[in-house]
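S.K.: Converting from the sequence shown to the working numbering requires adding 4 to each position, the first position being numbered 1.
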Amino acid sequence: MKSLKSLKSLKKSKQEILNPFSPNFGQLPESILDREGLVSSYIGTLSGKSNSPEWTTIFSGIRGSGKTVLLGEIAEQAKKEGWIVLKITAGGNLQNESLAILSLESKKGNFDISGLSVGFFGFSAGVNFNNSEISSWRTKIMEYLDKGPKNIKGILICVDEVQKLDNSLRTLAIDYQNLLQDKYKIAMVMAGLPHAISDVINDTVLTFLRRSNQIFLSGIEYRSVLNSYNAIFSKNGFNLSKDNYKIISKMTSGYPYLYQLIGYYAFEICTHKENDEIDLTSKDIEIIKEKAENRMAKSVLEPIINSLSEKDKDFLRAMSIDDGKSKIADVSSRTGMSKSYLSQYRKRLLESGLITDSERGYVNFAVPLLREYMRKPFGMPKFRGFQDMNEYGE
Ligand SMILES: Nc1ncnc2c1ncn2[C@@H]1O[C@H](COP(=O)(O)OP(=O)(O)O)[C@@H](O)[C@H]1O
Ligand SMILES: [Mg+2]
């Protein structure tokens, strides 16, 4: 029998194990599941001809599907291959932001930039939107690639969180296209929510983006989730039963954010267990599920729903009555909207990546837990003034 003291010290050391899961947006996880194919295929393209449409790749996916992580990984790999990577976030002045990063990366990489004009990085290269001449940003990129460091493969621009096509992004895209046409070694990957990407691609000016490589980010495979949980938990001395690995893996639906969330809560519970307990109980599983669902509701489902119109919500609520796919005809009768009227909402929800229509005449939810979320009664809890007045006879 172990002494109480040794039990305590063992328990403490267990609690000190760092939780390897990172249920935070944009955070590079300890291991990235199922994206090697996408990453290596893009990196492979970069070593090929620049006129390949894949040089411009656009990823779309719902919140939490792993766009930022994927872009981060592509950036890392491209750097290793000798590319200068300019990682920027849409919404601001992309020209200034990218040049600031170019300056930083040049310093970090100890690149020889003696060929550049004096003060190359010294002043702002903001866009003059009314200027019909070559933009100063484009001129600078040309100068950098012509006279800057000789030992770089090229410049890769990664634009994350594309939301709408503002002036800065539109100008950047046009300049990028011109640079490509002039055979400069410049490539671009973008990422954003599906409807934002579809707006950008369908822009009348940027028709070249329509010919780019567009990839909708799907989930990670069940096998990968199962193997990864198995490896991570057992590496840390927690040996769950086969069934429990299966249960928690299924709970993720292959959705990256849920993979992190469920892994995180399961790991927390394991670290707080008494020494001789090694497996999760069914009560633990319930707790994990509830915690993950609550977090998922706050950080993914609520923002999604808040961005929808009342009619969109009616559509989803009508779908949530079913346990699986819903007949369009049923959605129509439940909402009281005619089929033709309904079709515009169906289209919008499809474009947002919230529903699928893989079977003719049917729709289904494409976001895990969205159905369950739509079933819950809505609205903020009502503010109920003083609750204790009666006690005082007031
Ligand atoms: N391929 C992956 N394997 C494991 N975890 C991932 C993967 N991609 C993303 N994640 C995790 O999922 C969460 C959401 O990823 P993120 O890239 O921020 O999503 P998005 O940018 O699409 O909203 C983060 O916690 C991240 O660590
Ligand atoms: Mg992101």
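In this text, a Cβ means the ideal position worked out from N, Cα and C, and glycines have one as well.
Computed from a predicted model, the values in this text were never measured in an experiment.
By how many angstroms is the C-alpha of F63 removed from the C-alpha of S257?
M.R.: Taking the straight line from one Cα to the other gives about 20 Å.
S.K.: Can you tell me where the alpha helix (DSSP H) with I332 in it begins and where it stops?
M.R.: 332-339 is the extent of the alpha helix (DSSP H) around I332.
S.K.: Run the Cβ filter for me: residues under 6 Å from any heavy atom of ligand 1, listed in the order they occur in the chain.
M.R.: My final list is S26, P27, N28, F29, G30, Q31, P33, I36, L37, D38, R39, G65, R67, G68, S69, G70, K71, T72, V73, I224, P260, Y261, Y263, Q264.
S.K.: Just checking: is the beta-carbon of A322 within a distance shorter than 8 Å of some beta-carbon in chain B?
M.R.: The chain inventory of the structure shown lacks chain B, comprising one protein chain alone.
S.K.: Shortest alpha-carbon distance to I36 belongs to which of S107, V229, N23?
M.R.: Closest option to I36, Cα to Cα, is V229.
S.K.: With a threshold of 7 Å, establish whether the CB of E80 neighbours any heavy atom of ligand 2.
M.R.: Checking every heavy atom of ligand 2 against the Cβ of E80, none is found closer than 7 Å.
S.K.: From which residue to which residue does the alpha helix (DSSP H) around L184 run?
M.R.: 171-185 is the extent of the alpha helix (DSSP H) around L184.
S.K.: Going by beta carbon distance, what residues of the same chain come within less than 7 Å of F33, once the five residues before and after it are set aside?
M.R.: Inspection of the sequence shows that residue 33 is occupied by Pro rather than by Phe. So the list reads S26, V73, Q264, once near-sequence residues are dropped.
S.K.: Near D405, what residues of its chain come up, given a Cβ to Cβ distance below 6 Å and the 5 sequence neighbours on each side ignored?
M.R.: It is not possible to answer for residue 405, since the shown part of the chain is limited to 5 through 398.
S.K.: Per the DSSP calculation, V163 is bridged to which residue(s)?
M.R.: V163 pairs with I92, M194.
S.K.: Please work out which residues of its chain come closer than 8 Å, Cβ to Cβ, to Y269, disregarding the five sequence neighbours upstream and downstream, and give them in chain order.
M.R.: Taken in chain order, the residues that qualify are I291, I292, K295, A296.
S.K.: Determine which residues share a DSSP beta bridge with Y366 and list them.
M.R.: According to DSSP, which records beta bridges pairwise, Y366 is partnered with K331.
S.K.: For Q218, name the three-state secondary structure that DSSP assigns.
M.R.: Reduced to three states, the DSSP call for Q218 is strand.
S.K.: Say whether the segment 312-329 touches the segment 80-93, bearing in mind that this needs 3 or more beta-carbon pairs closer than 8 Å, one atom from each stretch.
M.R.: The segment 312-329 vs the segment 80-93: no contact.
S.K.: Could you check whether K154 and L120 sit closer than 8 Å to each other, using their CB atoms as the reference points?
M.R.: Against a cut-off of 8 Å, the Cβ pair of K154 and L120 comes out as no contact.
S.K.: State the CB to CB distance for the pair T60 and N206, rounded to an integer number of angstroms; the pair is presumed to be in contact (CB under 8 Å).
M.R.: T60 to N206, Cβ: 15 Å. No contact.
S.K.: Using the DSSP secondary-structure output, state which residues sit across from I62 in a beta bridge.
M.R.: According to DSSP, which records beta bridges pairwise, I62 is partnered with M194, Q218.
S.K.: Considering only their Cβ atoms, is the gap separating P198 from G70 smaller than 8 Å?
M.R.: For G70 and P198, no; Cβs fall outside 8 Å.
S.K.: Return the CA-CA distance between V131 and I219, expressed in angstroms with no decimal places.
M.R.: Reliability fails at V131, whose pLDDT of 49 lies under 50, so the model's placement of it is uncertain and the value that follows must be treated cautiously. Their Cα atoms are separated by approximately 29 Å.
S.K.: Assign T175 to one of two classes, buried (16 or more other C-beta atoms within 10 Å of its C-beta) or exposed (fewer than that).
M.R.: Result: buried.
S.K.: Enumerate in chain order the residues of its own chain whose CB-to-CB distance from V304 is below 7 Å, with the five nearest sequence positions on each side excluded.
M.R.: So the list reads R67, G68, Y261, once near-sequence residues are dropped.
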